[in-house]
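Here the structure comes first, spelled out in structure tokens, and everything after it is commentary.
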Amino acid sequence: MTDSATHALISALPQPILLINREGMVEIANQSARELFGARIQHAQIRAHLRQPEVAAMLERVLAGKSEDSANFVMATGNHETIWRVVARNGVAGMFVLSFSDISDIEAAEAQRRDFVANVSHELRSPLTVLVGFIETLQGPAGEDPVARAEFLGIMSEQAARMSGLVADLLSLSRVEAVEKIRPRTPVCLDAVLKATLAALRPQIEAAGISINYDVPEGLPDIPGDYDQLVQVFHNLVENALKYGATGGRVDISATHVPMFPAHQGPVLRVSIRDYGEGVDPIYIPRLTERFYRIDKARSRDSGGTGLGLAIVKHILSRHRGRLVIRSALGEGASFDAVLPLT
Ligand SMILES: Nc1ncnc2c1ncn2[C@@H]1O[C@H](COP(=O)(O)OP(=O)(O)OP(=O)(O)O)[C@@H](O)[C@H]1O
Ligand SMILES: [Mg+2]
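Structure below.
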């Protein structure tokens, strides 16, 4: 291949590539590398551009003759960080090649996985610690005291219920994720879904002293969906309204047929669960659907929450090609709208 053909080939490669001589001077920088480092990278000293300790040490090893090596290099632009995997390969026409691959997404997924495992372990550990403690207590003299025993067993059963709730949520999350790509198509009547949800939550609605304003017009078209999963969506949304919005005394449930929803380029049903409680500071809104995210951990935990509810809601809606629209302001209650496409 001629020199100019090699040049053209390197230039056309989508990933940033640098050809570097024995002195560490950049001989060739392809288009992507010039975009990454600026045009000055051409004929510059590479050491001046890759100063982070890990990658600098790697460069020295390769300049000293090591045939292949790699290191990570973090580049920050504004508040966005890109992590590059830099691979150096020696002995190309007396020079060496540095190639860069963007591994930010892989690293982010890995971090998410670690967080998830840490969160699950943490959530299981607290009730387990309580259980172990009370089992030991009951094995001692306190076990003979019927009053203490009844009290301890009550606490133990509460903690066991917490654990089984957490495990049920985790299973349902992984089940939804497993089928997320397959859109459910059974015609589902949302009025029936909402009525079944309210019937199941009746005791909680009464305990919270909430009045429900139900405004779902008759004759709404069925949506293509999964009945049980949709019940799960509205169960969590209404339950949240009861748990976090009870001070408002009422919850509005309404559904509207929107013939043309811009984000979907087609008709949708929009179901809104609106409470008049304390609401959410808008800065927290984008995080609410993250797994295990709770604004007030202690309070959510007291009411048996694990922070998985809205994560499950989001996955189910996405399986239905729909979305969740959250609007709230502190002191003004909150509305959680499920937007479900009809086509
Ligand atoms: N209607 C609401 N008003 C105010 N805050 C809310 C409302 N709904 C949810 N939140 C906040 O969002 C957080 C996450 O809700 P999510 O349903 O995911 O978890 P949870 O209710 O705490 O636990 P789980 O649903 O697993 O039992 C809650 O802990 C709460 O801080
Ligand atoms: Mg919830």
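Position 130, counted from 1, in the sequence shown is what numbering that gives the first Met the number 0 calls 129; the numbers after and before it change by one each time, with no gaps. No residue lacks a Cβ here, since even glycine has one placed at the ideal position from N, Cα and C. Just so you know, these numbers come straight off a predicted model, no measurement behind them.
Rounded straight-line distance, which links the Cα of residue j to that of residue i
i: Gly265; j: Thr76; result: 37 Å
i: Ala11; j: Gln30; result: 7 Å
i: Leu130; j: Leu137; result: 11 Å
i: Met314; j: His48; result: One point to set straight first is that residue 314 is His, not Met, in the sequence displayed. Those two C-alpha atoms are separated by around 42 Å.
i: Leu268; j: Ala177; result: 25 Å
i: Arg201; j: Gln51; result: 60 Å
i: Leu123; j: Leu165; result: 8 Å
i: Pro126; j: Arg112; result: 22 Å
i: Arg161; j: Phe151; result: 15 Å
i: Ser228; j: Tyr213; result: The sequence shown places Gln at residue 228, not Ser. Going by the C-alpha atoms only, they are around 21 Å apart.
i: Asn118; j: Leu172; result: 14 Å
i: Phe36; j: Leu170; result: 46 Å
i: Asn239; j: Ala328; result: 16 Å
i: Leu197; j: Ser156; result: 26 Å
i: Thr342; j: Pro258; result: 11 Å
i: Ile9; j: Ser66; result: 20 Å
i: Gly139; j: Ala147; result: 12 Å
i: Asp225; j: Pro340; result: 13 Å
Own chain, CB closer than 6 Å to residue i, minus 5 neighbours either side, in chain order
i: Ala28; result: Leu17, Ile40, Gln41
i: Gly247; result: Asp274, Tyr275, Gly276, Gly332
i: Ile45; result: Ile19, Gly23, Val25
i: Gln203; result: Leu241
i: Glu217; result: none
i: Asn78; result: none
Residue i - partner residues in DSSP beta bridges
i: Leu17; result: Ala28, Leu97
i: Thr76; result: His79
i: Ile325; result: Phe335
i: Ser69; result: Val86
i: Gln44; result: Met24
i: Pro340; result: Val267
Beta-carbon proximity list for residue i, same chain, < 7 Å, skipping 5 on both sides
i: Ala207; result: Leu241, Ala245
i: Glu106; result: Ile82
i: Arg184; result: Pro223
i: Ile294; result: Val279, Tyr283
i: Ala70; result: Glu53, Val54, Met57, Val85
Spatial neighbours of residue i in its chain, beta-carbon cut-off 8 Å, leaving aside the 5 residues before and after
i: Glu80; result: Val73, Met74, Ser103
i: Asp168; result: Thr305, Leu307, Gly308, Ile311
i: Ser317; result: Glu179
i: Ser100; result: Gln14, Trp83, Arg84, Val86
i: Ala32; result: Pro15, Ile16, Leu17, Ile40, Phe99
i: Arg21; result: Leu62, Gly93, Met94
i: Ile154; result: Val129, Phe133
i: His6; result: Ile27
Taking only runs of the beta strand (DSSP E) that begin and end inside the stretch 134-221, which ones reach a length of at least 3 residues, in chain order?
185-187, 210-214
Extract the residue ranges of the alpha helix (DSSP H) inside the stretch 224-310, only unbroken runs of 4 or more that lie entirely within it.
226-243, 296-301
Answer yes if the stretch 47-58 comes into contact with the stretch 68-86, meaning at least three C-beta pairs across the two stretches below 8 Å, and no otherwise.
yes
With three or more beta-carbon pairs closer than 8 Å as the criterion, would you say the stretch 276-289 touches the stretch 322-341?
yes
Assess contact between the stretch 286-295 and the stretch 254-264, defined as three or more Cβ pairs (one per stretch) separated by less than 8 Å. Is contact present?
no
Indicate whether the contact test is met: 3 or more Cβ pairs, each with one atom in the stretch 315-327 and one in the stretch 225-232, closer than 8 Å.
yes
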